[in-house]
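Student:
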Amino acid sequence: GENVEQHPSTLSVQEGDSAVIKCTYSDSASNYFPWYKQELGKRPQLIIDIRSNVGEKKDQRIAVTLNKTAKHFSLHITETQPEDSAVYFCAASYDTGRRALTFGSGTRLQVQP
Amino acid sequence: NAGVMQNPRHLVRRRGQEARLRCSPMKGHSHVYWYRQLPEEGLKFMVYLQKENIIDESGMPKERFSAEFPKEGPSILRIQQVVRGDSAAYFCASSPSSYNEQFFGPGTRLTVL
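Just so you know, the sequences run in chain order Z and G.
Take the position in the first sequence, starting the count at 1, then add 512; the result is the number in the numbering used here.
Take the position in the second sequence, starting the count at 1, then add 16; the result is the number in the numbering used here.
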C-alpha cells in the first residue's frame with residue numbers, strides 16, 4: 513500500500529520567514545496530494561491540494577510543488593505569521609479507486625513573533 | 017452550506033460498553049470516510065463508504081468495529097466492547113463524487129475508562 517513520509521517533524525521559524533515541509537510517497541499511482549492544517553483540538557482543514565497533472569500551485573502565501581518522477585511534494589509558506597502555528601499534514605491518494613487518504617506523520621510549525 | 021457534522025463531540029465509555037459515532041456529510045457529498053487519530057499522531061484511514069455500500073474497509077480492525085451509511089440518515093461508526101486502546105479522536109470526512117477533496121468534521125473524542 514501507499515506510504516507517506518514527512519519531514520521535519522518540528523519546525524520553528526521567525527515571523528516573516530519562509531517555511532518548507534517535504535513529503536515523499538511510495539505508490540506511483542497516487543495522483544492527488546492535499547495538505548491539511550490542524551490546530552490543537554480542532555479538525556484538519558484543507559489548505560491546498562495538487563493533482564499529478566500540475567507541477568506547482570499557489571494560493572496567496574501558500575504554494576505546493578510536486579515532482580512525480582522523484583515522488584515527492586512540498587508545502588511552502590511565505591511571510592509566516594503567528595497564526596500559521598499548527599500541525600501540518602501531507603497526504604496522498606487516487607482520485608478514483610482507492611480514495612482513502614494516506615497521511616504523513618505531521619509537522620509541528622511554530623512561528624515565533 | 018453546513019459543513020460535515022459529527023456527534024457526539026465527546027463520548028465517555030467504560031470498558032466493555034458500545035460506542036456509536038455519527039457523521040452527517042456536507043450537502044451534495046455522497047462519499048464518507050472515517051479516520052482515527054491517536055494522541056500526538058497522524059490520521060489513519062479506517063473505512064470508506066457510499067450510500068448503502070462499504071467501498072474500502074482495509075483500515076478497519078477485523079473485530080468489534082463496524083460502519084454503515086444507510087440510504088437515509090447519518091453514517092455510523094460502531095465500536096463494540098470498547099477497550100482503553102480505542103481512546104482516540106475519530107474524524108469523519110466527506111467528498112463529492114467527482115473529486116477527492118475531503119472535508120473533515122470536528123471529530124468525536126472517545127475516552128474509554
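By construction, the Cβ of each residue, glycine as well, lies at the ideal position given by its N, Cα and C atoms.
(1) So what's Z/ARG573 in DSSP terms, helix, strand or just coil?
(2) State yes or no: is the beta carbon of Z/PRO556 nearer than 7 Å to at least one beta carbon in chain G?
(3) Which same chain residues end up closer than 8 Å to G/THR127 when comparing Cβ atoms and leaving out the 5 residues on each side of it in sequence?
(4) Between Z/SER540, Z/LEU613, Z/ARG555 and Z/ILE562, which lies nearest to G/GLY19 when the distance is taken from Cα to Cα?
(5) Quick one: give me the first and last residue of the beta strand (DSSP E) that Z/PRO546 is part of.
(6) What's the C-alpha gap between Z/THR578 and G/GLN22?
(7) Applying a beta-carbon distance threshold of less than 8 Å, which residues of chain Z neighbour G/HIS47?
(8) Under 7 Å, do Z/LEU613 and Z/TYR600 count as touching if we go by C-beta distance?
(9) Under DSSP, the beta strand (DSSP E) around G/ARG52 begins and ends at which residues?
(10) In the DSSP assignment, find the unbroken beta strand (DSSP E) run with G/ARG31 in it and report its ends.
(11) Just the C-alpha distance for Z/GLU551 and Z/ARG563, rounded to the nearest angstrom, thanks.
(12) Could you work out which residue in G/ARG31, G/LEU37, G/GLY32 and G/PRO24 is closest to G/LEU93 when comparing CA atoms only?
(13) Any Cβ of chain Z within less than 7 Å of the Cβ of G/PRO112?
(14) Look at the alpha carbon of Z/ASP539 and the alpha carbon of Z/ASN515, and state the distance between them as a whole number of angstroms.
(15) Short of 7 Å in beta carbon distance, which residues of its chain neighbour Z/GLU527, apart from the five on each side in sequence? Order them along the chain.
(16) Using a beta-carbon distance below 7 Å, is G/GLY101 in contact with chain Z?
(17) Is the CB of G/PHE120 under 7 Å away from at least one CB in chain Z?
(18) Can you name the residues that DSSP bridges to Z/ILE589?
Tutor: In short, the structure shows the following:
(1) coil
(2) yes
(3) HIS26, LEU27, VAL28, ARG29 and SER103
(4) Z/ARG555
(5) 544-550
(6) Reading off the sequence, residue 578 of chain Z comes out as Leu, not Thr. Computed Cα separation, rounded: 33 Å.
(7) ARG611
(8) no
(9) 47-53
(10) Run containing G/ARG31: none; DSSP gives neither H nor E here.
(11) 25 Å
(12) G/LEU37
(13) no
(14) 7 Å
(15) THR592, GLN593, PRO594, VAL623, GLN624 and PRO625
(16) no
(17) yes
(18) Z/ALA531 and Z/ILE574
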